[in-house]
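Structure, as structure tokens:
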Amino acid sequence: MEHYRQNLRAFAAFFVPSAGWLLVFFVVPLAIIFVYSVSETISLTEIKTTWTFENYARLLEPEILTLFWRSLWLAGISTVICLCVGYPVALVIATAPAKVKPWLLLLIILPFWTNLLIRTYALLNILGTRGRLNGLLEWIWTQGDRALTFIGLGAYDLIGEDFEPITFLGRWSGVIIGLVYVHLPFAILPIYASLEKLDRSYLEASLDLGAGQWRTFRSILLPMTMAGVMTAAIITFIPMLGSFLTPALLGRGQVDMIANVIERQFKGANELPFGSAMSLFLLYVTFIILAIQSFAASRGSRRGIK
Amino acid sequence: MPDPIISIQGVSKYFGDFMAVEDITIDIEPGEIFALLGPSGCGKSTLLRMIAGFEDPSEGRVLIGGEDMTGVPANKRPVNMVFQSYAVFPHMTVSQNVAYGLKMDGLPKAEIKEKVAEALEQVHLSQFAARLPDQLSGGQRQRVALARALAKRPRVLLLDEPLSALDAKLRDAMRLELVKLQESVGVSFVMVTHDQSEALAMADRVAVLKDGKLMQLADPMTLYQKPANRFVADFIGRVNFFDVTQSTKGSAEIIAGPLGALTLPAPVTGTGEHVLALRPEYIRLSPAKEGGLTGTLGDVGFQGDSSIVEVTLEGGKQVQALAGPEDTTMLLSLGTGAAVALSIDLSQARLLPA
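Chains as they are written, first to last, in this note's numbering: chain A, 1 to 306; chain B, 307 to 660.
Written out as structure tokens, the structure is:
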């Protein structure tokens, strides 16, 4: 490979288009957002750049703090669920026979071939009070009720007089289900990659030294694939935190996350400066998370975990 | 004879249609170094993994200390293994690695500490106890793996290609060290290797395997001097093969082949096609004189203390001879292409089934 300075034209041919693209569509808009965030709304149509920090100060209002806090724990819980569900799935794929493995991986990435909006509407259909999930629960309830009647306990209404559907939509439970559903593949793939890389003889060595399967998982497998778990956590948590569509549709305006409120600042509320400050704050939080992760990763690699 | 510590009884292993190990019966004695030797794919590693408990035999059974191990998982077997890659846990220090197996035995902390120190002492790693495996050389990592396995006081230590990942010089030193270590701890070592010189130098007894079948089981001396078949003769050391036809004439055995009519001192059974195996050191070369067996001198492969010399016989057959220091000087002065006489010590030749 030649050094790029020795072949400036070839380098420019590759560099300029992509750099130009990023400049026009990423750096410039971001700069505009930043300028907005230190501006004031003067009238319905006029925004004046006054280099004020007022918009950032407003982030500390209890209402906004509550919003941030809600977004953090919704994303946090969903991330933990993604990891707990994703790890076993990744393990199954990693240990599957070589012939089955590509098909299982295909199943994981298959949802990407369908538009997120359509998948979210499908979830509405499943999670509604008259949706498929409640239909299934009702069927189970009916069978249970019949069984109880059959053994002569029907009169006591042990499982309720009538089936009461569970409300998911417009509640945090529905939003969490949606977030987990959308982001689960992003959790499975990095964990799978780290499992795939792991030399099996470490696990055999652990068994050989007298450890059982569970102990081997806890003391060897999990620590040695922690880098994959961390990656999975980051790349699910960050987009979850900025999620818009899922809380908008499944939360029905009752479980707002940051992005929903930001959207309202730009559209309805005509509060471009405050919306910009919120957007940038979300960006800063993301940076902090990434910094923590890379710090942890560099410590991990010093301990020999790649 | 003492009871065998490991008894492999009629063990076979198939992977689908592939026969990895075929009907092998071997007894391993307490306190010996036993080598499973063969080319890659001969089933030696599979056999070791069946002793360790990572594979189940398709047929037959493995006994350790007289107990049937069928259905006993790896973590419940009284054997420990040193893996080819060493499999030293990278997220644990040297002493944590060694302590891992002892913790599984539920020993009290003080005893674990004592045993870890003792095991590290044994492999000369005491000053590295707090290091992470990343900060160790390959040879040191292997010692960690050894200490970790030996700290458990196994009835048998299994070693999978223990020296293959080390460089040549360290390998030679480690051979001797492993033998000394075995003598001091007294447990049986079962090692898998594809390197015949390693097996000959270290093992008390060697099982030579090919295509999952046991070709010969003997001590190194016997394997070298009295190979049971062509494969073993070829795999162990250097050898010349001569296709010969044997016919019985009176009490002596007369053989026709490229060496001419020969009379073998030891009687052999059967007549017909055979192969005569002769080690290079039993062919002596001298400047050509009238009569006798002669050939053309080829390359003299100088090795310092001796040379491997190529000679082409009159019929075109190539043979190898081993020349000592004086003979090497003499041959080098003759030069390539010179005529040389071969004198053969037939008492050391082996007649094997073709």
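Think of the CB as a built atom: it goes at the ideal place given N, C-alpha and C, for glycine as much as any other residue.
Point to revise | Cβ pair count under 8 Å reaching 3, the segment 264-281 of chain A against the segment 40-58 of chain A | key: Contact check between the segment 264-281 of chain A and the segment 40-58 of chain A: three or more CB pairs, one atom from each, fall below 8 Å, which counts as touching.
Exercise for review: Taking Arg454 (chain B) as the query, report the chain A residues whose CB atoms sit under 9 Å from its CB, ordered along the chain.
Suggested key: Ala205, Leu209
**Study point:** Where Gly556 (chain B) sits in the DSSP three-state scheme
**Key:** Bear in mind that the predicted position of Gly556 (chain B) carries a pLDDT of just 47, short of 50, making it too unreliable to give a figure here.
Exercise for review: Give, in chain order, every residue of the segment 486-520 of chain B whose Cβ lies closer than 8 Å to some Cβ of chain A.
Suggested key: none
Review point. How big is the Cα-Cα spacing for Leu438 (chain B) and Ala90 (chain A)?
Key: Cα-Cα distance, rounded: 28 Å.
Exercise for review: Compare the Cα-Cα distances from Gly622 (chain B) to each of B:Leu603, B:Ser639, B:Ile614 and report the closest residue.
Suggested key: Considering only B:Leu603, B:Ser639, B:Ile614, the residue with the shortest C-alpha distance to Gly622 (chain B) is B:Leu603.
Review point. So is Pro223 (chain A) in contact with chain B if we call contact Cβ pairs under 8 Å?
Key: yes
Review point. In whole angstroms, what separates the C-alpha of Ser369 (chain B) from that of Ser206 (chain A)?
Key: The question names Ser, but residue 369 (chain B) is Leu in the sequence shown. Spanning the two alpha carbons is a distance of roughly 22 Å.
Exercise for review: Quick one: grab the DSSP three-state call for Thr551 (chain B).
Suggested key: strand
Check your understanding: When you check each C-beta in the segment 406-431 of chain B against every C-beta of chain A, which residues fall closer than 7 Å?
Key -> Tyr406, Gly407, Met410, Asp411
**Study point:** Min CB distance Ile220 (chain A) to chain B below 8 Å
**Key:** True, the Cβ-Cβ gap to chain B drops below 8 Å.
Check your understanding: When we look at the beta-carbon of Ala474 (chain B) and count the other beta-carbons within 10 Å, is it buried (16 or more) or exposed?
Key -> The residue in question, Ala474 (chain B), is exposed, as its Cβ has fewer than 16 Cβ neighbours within 10 Å.
Check your understanding: Would the segment 156-170 of chain A and the segment 122-135 of chain A be scored as touching if the rule is three or more Cβ pairs under 8 Å?
Key -> yes
Check your understanding: What residues from chain B crowd round Gly212 (chain A), counting only those whose CB sits closer than 7 Å?
Key -> Asn381
Exercise for review: In angstroms with no decimal places, state the Cα-to-Cα distance between Leu148 (chain A) and Gly154 (chain A).
Suggested key: 5 Å
Review point. Does DSSP put Ser490 (chain B) in a helix, a strand or coil?
Key: helix
Check your understanding: Whose Cβ in chain B lies nearer than 7 Å to the Cβ of Asp157 (chain A)?
Key -> None at all; the shortest Cβ gap to chain B is about 49 Å.
Practice item. Could you tell me whether any Cβ in chain A is nearer than 8 Å to the Cβ of Asn535 (chain B)? Key: no
Point to revise | First and last residue of the uninterrupted beta strand (DSSP E) at Ser313 (chain B) | key: 312-321
Check your understanding: Is the CB-CB distance between Leu658 (chain B) and Val581 (chain B) below 8 Å?
Key -> When the beta-carbon positions are compared, Leu658 (chain B) and Val581 (chain B) come within less than 8 Å of each other.
Exercise for review: With DSSP as the reference, label Gly604 (chain B) as helix, strand or coil.
Suggested key: Strand.
Check your understanding: Which residue spans inside the segment 18-72 of chain A form an unbroken beta strand (DSSP E) run of at least 3?
Key -> 39-41, 47-49
Point to revise | For Trp139 (chain A) and Ile220 (chain A), the rounded distance between their alpha carbons | key: 43 Å
Point to revise | Proximal chain B residues relative to Tyr202 (chain A), where beta-carbon distance stays under 8 Å | key: Ala393, Phe395
Exercise for review: Report the option in A:Gln265, A:Thr95, A:Gln213, A:Thr225 whose CA atom is closest to the CA atom of Leu83 (chain A).
Suggested key: A:Thr225
Practice item. Go through its chain and collect everything with a Cβ distance to Leu72 (chain A)'s Cβ below 8 Å, but skip five positions before and after it. Key: Leu241
**Study point:** Asn115 (chain A), buried or exposed, once every other Cβ within 10 Å from all chains shown has been counted against 16
**Key:** exposed
Review point. Who are the neighbours of Asp307 (chain A) on chain B, taking C-beta pairs under 8 Å?
Key: The question about residue 307 (chain A) has no answer here: the residues shown for chain A are numbered 1 through 306.
Practice item. Would you mind sorting Val498 (chain B) into buried or exposed? The rule is 16 or more other CB atoms within 10 Å of its CB. Key: The residue is buried, with at least 16 neighbouring Cβ atoms inside 10 Å.
Review point. How about Asn546 (chain B): is its C-beta nearer than 8 Å to some C-beta of chain A?
Key: no
Review point. Straight-line CA distance for Leu179 (chain A) to Ser243 (chain A)?
Key: 8 Å
Review point. What are the residues that DSSP puts in a beta bridge with Ala513 (chain B)?
Key: Looking at the DSSP assignment, Ala513 (chain B) forms a beta bridge with B:Leu342, B:Leu523.
Practice item. Tell me whether Asp199 (chain A) is buried or exposed, calling it buried when 16 or more other Cβ atoms sit within 10 Å of its Cβ. Key: Its Cβ having fewer than 16 others within 10 Å, Asp199 (chain A) is exposed.
Point to revise | Short CB-CB distance (under 8 Å) between Ile311 (chain B) and chain A | key: no
Check your understanding: Are the C-beta of Gln375 (chain B) and some C-beta of chain A separated by less than 8 Å?
Key -> For clarity, residue 375 (chain B) is Met in the given sequence; the question names Gln instead. Cβ-Cβ to chain A under 8 Å: no for Met375 (chain B).
**Study point:** Own chain, CB closer than 7 Å to Ile42 (chain A), minus 5 neighbours either side, in chain order
**Key:** Lys48
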